[in-house]
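So the protein lines, in turn, are chains A and B. Every letter in the first sequence is one number past the one before it in our numbering, and letter 163, counting from 1, is 163. Every letter in the second sequence is one number past the one before it in our numbering, and letter 282, counting from 1, is 282. Where a beta carbon is used, it is the ideal one built from N, C-alpha and C, also for glycine. Keep in mind the model is a prediction, meaning the values are calculated, not measured. Below is one structure; the comments refer to it alone.
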Amino acid sequence: MMKHRTVLFVALAALMSATFILAVSGCPKTQEKADQTTAGPTPPAGPTAAKAAGSPDGKITIAMVPKLIGIDFFNACEKGAKEAAAELGPEVELIYDGPNESKVERQIEMINSFVDQGVDVVAVAANDPDAISGCLKRAADAGVIPITWDSDASPEASGRRFFINQATPESIGYALMDELARQAGEDASYAIISGTPTAANQNIWMEYMEKRRVEKYPKMTALTTEFPGEDQAAAMEAAQGLLKRYPDIKGILGITSVSFPGAVEAVVNAGKQKDVSVVGLATPNPMKEWIHNGDIKSVVLWNPVDLGYLTIYACVAAKKGELEKGATSFKAGRLGEVKVDGDQVILGDPLIFTKDNIDQYDF
Amino acid sequence: MGDNGDGALFCDQQPEPTPGSRSRKGLRPPLSPARRGVSPEPVLVGVLALVWVLFSIKSPVFRTPQNYLDIATLIAEPGLVALAMTLIIITGGIDLSVGSIVALSAVTLGLAWQSQLFSIWSAVAAGVLVGVLSGTLNGGLIVFFRIPPLIVTLATMAIFRGMAMGTSHGLAVSQYDPAFYTLGQGCYSIAGLKVPFQAVVLAGAAVVSFVFLSRTRWGRYLYAIGMNETASRYAALPVDRVKLCVYALSGLMSGLASAVFVSRVATAKADAGLYMELDAITACVLGGVSIYGGRGSIPGTLLGLLIVGSLRRGLDLSRVVASTQSIYIGAVLILAVFAHQVLVPALQNRALRPSLRRGDAES
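Right, dumping it as structure tokens:
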């Protein structure tokens, strides 16, 4: 009986080995493909194992971690990042990967593993400014340059070198409030739909929106703020709830790239697009139809392709020592001289898409 | 030959030959291989060894001893939960609310600390206590109202998550007493290696669970209840008390897992433990715990945890993108379960048909 069992285990082990060899021999292919697309003209590098030993050949390896993968906004950032990596040529290797959901613990695990592999720069769009700081500190201690983009970590606790800021929060908050006042009227009552309550961006924009309201539009009333998470369906439900609870609401601000389309969907489904102005931030592609139908008038955003592009240039400049604290500007490819303010690299003013210019953008 | 094989499979689907004789025999753990199919642990050890060997060849980071200890930090939280889940599934139940209990405990811990009325360790105790109460509520509903565990915990999964969201307003609490961080970030230095603190916690909990399940009378009751609850009641086993206790224990483990989690990521938020029930159930099922109850072991679950954790770490280090990782992990789950629940018993029944009868005669 024991003999039979032994035979079975051997057979089984053989079966499992076959599976695993198949599975793992699939991995390098995935990797080579990623290399080809990220590094452009570079020939696919050797096996992962060789690269993990560090970068003795003077190659700069950048691990760029978005909040999550598979949404338009971060896809556009990825596009810009790859464009920059291709321009910079074979000396720059870009690894672009993030969690499937916007979970900070998964970002931490991924960054730790990138650091163990000996990358040169880690660039992260933090899902939580406090939680991410420990692992960025660990990265810095291991000699990896930590950089944040899109969403900052706590500057002191994380020891991050630079934050690549899409636009000053002031300019975004003001632009949103101005658009709302222009469309809904300077005496409108409105509600805000944000994402997660810990998202640093949204919180600081809301501060500046409130500041603008108090200073410039004192007759406007802020009703409430909803936090449905980074989830379009949940944002739509939140907006439906707002329409029910506040029958005379005049404006909804959707301030994440998913809460804006979610809110528009709810308003359009309710047939209230004439009474309720929806203003917010999103990537242009999903909003185009609504813009052309006249359901919404504008979309506020910065250019995420440029943000990804700038991030890679900043990572490389920081690694080469060309971008140091105290600099006032640095040269970033096609973007020319980019302003540096203290430990922040600033992309520029927000971009407002209307039906006149939205078709020029495809992301 | 073909008929024979079908018959063998059919036999295996009804692993309940004579429940009456078992109670007379005094409730031995019904795991005798000849009667119950082959135990999955040797197969799993083989799978794990294979994963380790293959990734060690591929990645120079994976083959360092420190890496194996780092895997423990990946599996500690779902691991604690999976230990209790093993006991629950053995009784024929399920607890889908564990991830939400983690969130509720985490938020309790965070808010207690933020209120400044609690020292950090009493805040931890408050969080764990809320976990125990939540688990007890599950158990109470299941035992006293005879509602199926799937339904009860599906409902409390939503309720506990909602309570966590509601009480915290989705906000995160950070900046704890530095002493608290030892739980999830600290380590013992032994022989030049850093043994993560949570690895020790998980190992301790696993030993206790193992002894409880395989060496105590109550441990055997769990199998009996899972095999045939009605027969267990007729045999005057304290079925209700046992079930109430395992669900309370699951709450306790979720509370502990949440303390480790909050300490590791340094932030308590209502999205803590999202999908942890799936990670825990995955580990159990992979480890050979039968979802129909009555079968399973702690070493099996630990092996399941290690396989998933090693795969995730190995794929991270091989730079397989997150979305592709899920596909590999899902495929391995199906293959491993297929191997030890279908393939091995089928082959074995075919090979051991005569000796099976002899085995029956002996006992």
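Asked, Found
"Limits of the unbroken alpha helix (DSSP H) element including A:D306", "P304 to K320"
"Cutoff 8 angstroms: B:S32 Cβ touching any chain A Cβ", "With a pLDDT of only 44 at B:S32, under 50, the local geometry of the prediction cannot be trusted, and no value is derived from it."
"Alpha carbon of A:K366 to alpha carbon of B:T324, nearest angstrom", "An answer regarding residue 366 of chain A cannot be provided, because it is not within the stretch 1 to 363 covered by chain A."
"Test: B:S209 CB closer than 8 angstroms to a CB of chain A", "no"
"Backbone secondary structure at A:D343 - three-state DSSP", "coil"
"Host alpha helix (DSSP H) of B:V242 (start-end)", "V239 to V265"
"Cα-Cα separation between B:G296 and B:G287, rounded to whole angstroms", "7 angstroms"
"Interfacial residues, the region 81 to 103 of chain A to chain B, with Cβ spacing under 8 angstroms", "I95, D97, G98, P99, N100, E101 and K103"
"Unbroken alpha helix (DSSP H) run spanning A:S158, endpoints", "P155 to S158"
"Closer than 8 angstroms at the beta carbon, the chain B residues around A:F370", "Any question about residue 370 of chain A goes unanswered here, given that chain A covers just 1 to 363."
"CB-CB length for B:M157 against B:S97, believed under 8 angstroms", "4 angstroms"
"As assigned by DSSP and simplified to three states, the class of A:M220", "coil"
"Own chain, CB closer than 6 angstroms to A:I69, minus 5 neighbours either side, in chain order", "G98"
"Cβ distance (whole Å) where A:V92 is taken to contact A:V316 below 8 angstroms", "6 angstroms"
"DSSP three-state assignment for A:D356, whether helix, strand or coil", "coil"
"Neighbourhood of B:G26 by C-beta distance below 6 angstroms, restricted to the same chain and skipping five residues each side", "Confidence in B:G26 is poor, its pLDDT being 47 and thus under 50, which makes the residue's placement unreliable; the coordinate value appears in the next sentence. Same-chain partners within the cutoff: there are none."
"Segment limits, alpha helix (DSSP H) that includes B:G330", "A322 to F338"
"Identified DSSP bridge partners for A:Y208", "Note: A:Y208 sits in no beta bridge, so no partner."
"Backbone CA spacing between A:T198 and B:G170 [nearest angstrom]", "8 angstroms"
"Whole-number beta carbon distance between B:V51 and B:G314, since they are thought to touch under 8 angstroms", "7 angstroms"
"Proximity of B:V130 and B:L111 at Cβ, strictly below 8 angstroms", "no"
"DSSP state of A:G118 mapped onto helix, strand, coil", "coil"
"Nearest-angstrom Cβ-Cβ length linking A:Y246 and A:S189, presumed shorter than 8 angstroms", "7 angstroms"
"Where the beta strand (DSSP E) through B:Y292 begins and ends", "Here B:Y292 belongs to no beta strand (DSSP E), and DSSP marks it neither H nor E."
"Proximity below 8 angstroms, CB of B:L260 to CB of B:A49", "Checking the sequence, you will find Val at residue 260 of chain B rather than Leu. In this structure, B:A49 does not lie closer than 8 angstroms to B:V260 by Cβ."
"Sequence-distant residues of its chain with Cβ nearer than 6 angstroms to A:Q240 (five each side left out)", "A266"
"Helix, strand or coil at A:N165 [DSSP, three-state]", "strand"
"Assumed close pair A:V340, A:L310 - CB separation to whole angstroms, cut-off 8 angstroms", "Between A:L310 and A:V340 the Cβ distance is about 11 angstroms, and since that is not below 8 angstroms, they are no contact."
"Per-residue DSSP class, three states only, for A:L351", "strand"
"B:L274, DSSP secondary structure in three states", "coil"
"Nearest-angstrom Cα separation, counted from B:I307 out to A:K51", "In this prediction, A:K51 has a pLDDT of 37, which is less than 50 and means its spatial position is unreliable; what the coordinates show is noted afterwards. If you take the alpha carbons of A:K51 and B:I307, they lie about 25 angstroms apart."
"Any chain A beta carbon closer than 8 angstroms to B:K194", "no"
"Span separating the alpha-carbon of B:P42 from that of B:L54", "18 angstroms"
"Proximity winner among B:P299, B:Q348, B:Y292 and B:T267, relative to A:E105 (alpha-carbon distances)", "B:T267"
"When A:I192, A:A222 and A:N165 are compared against A:E186, the one with the closest alpha-carbon", "A:A222"
"Through-space distance from B:M253 to B:D247, alpha-carbon basis", "The residue you asked about is not Asp; residue 247 of chain B is Tyr in the sequence shown. The alpha-carbon atoms of B:Y247 and B:M253 are separated by roughly 10 angstroms."
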